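Heads up, the thing below is written out as structure tokens.
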Amino acid sequence: MNQIVSELTKDQLKAEVPNFKVGDGVKVHALVREGDKRRVQIFAGIVIARKGSGIQETFTVRRISYGEGVEKVFPIHSPNVSKIEVEKESKTMRARMYYLRNLVGKKAMQVKEKRLAKGH
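All residue numbers for the sequence shown refer to our numbering, where the first residue is 109 and numbers rise by one.
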């Protein structure tokens, strides 16, 4: 049964999915429908979780908006997600960053950034 499902869904998978991981800062360009109009809305934040595989793969993005934490779950292969941009790469040692939910202020959005060596 699993082989049949994977064969049916493989043509719906996106070819150009950027390589990002938990802790990275991303900008998600999502299509929003308002009545009969469609526009692209950008949701920028830190990836705190990545779950699933194949067509069901999702990732959760968290940001602080007007002092309140906001999280959105996006399917990676959804046609409503037009583009994913990686802003910052991180150096995290965790699979999920749910502990950010309990932090307040600047610490809620700080993640160790990956430093690139100069000259090498």
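Here a beta-carbon is modelled for each residue, glycine too, at the ideal position from N, C-alpha and C. Keep in mind it's a predicted model, so treat the numbers as computed, not measured.
Supposed close pair residue i, residue j - CB separation, criterion 8 Å
i, j, result
"I154", "R141", "Going by Cβ atoms, the distance from I154 to R141 rounds to 26 Å, so no, they are not a contact pair."
"G241", "R209", "Given a span of 109 to 228 for the chain in the structure shown, any question on residue 241 remains unanswerable."
"T166", "V189", "Incorrect: roughly 10 Å between the Cβ atoms, too far for contact."
"T200", "V219", "6 Å"
Reduced DSSP category for residue i - H, G, I as helix; E, B as strand; rest coil
i, result
"T117", "helix"
"L208", "helix"
"K199", "coil"
Proximity of residue i and residue j at Cβ, strictly below 9 Å
i, j, result
"E195", "K135", "yes"
"V101", "H137", "Given a span of 109 to 228 for the chain in the structure shown, any question on residue 101 remains unanswerable."
Outcome for residue i when other beta-carbon atoms lying within 10 angstroms are tallied against a minimum of 16
i, result
"T168", "buried"
"I156", "buried"
"I184", "buried"
"S198", "buried"
"D132", "buried"
"V130", "buried"
Strand pairing of residue i, partner residues [DSSP]
i, result
"P187", "Its beta-bridge partners do not exist; DSSP assigns none."
"F167", "R158 and F182"
"V130", "Answer is none; V130 lacks a bridge partner."
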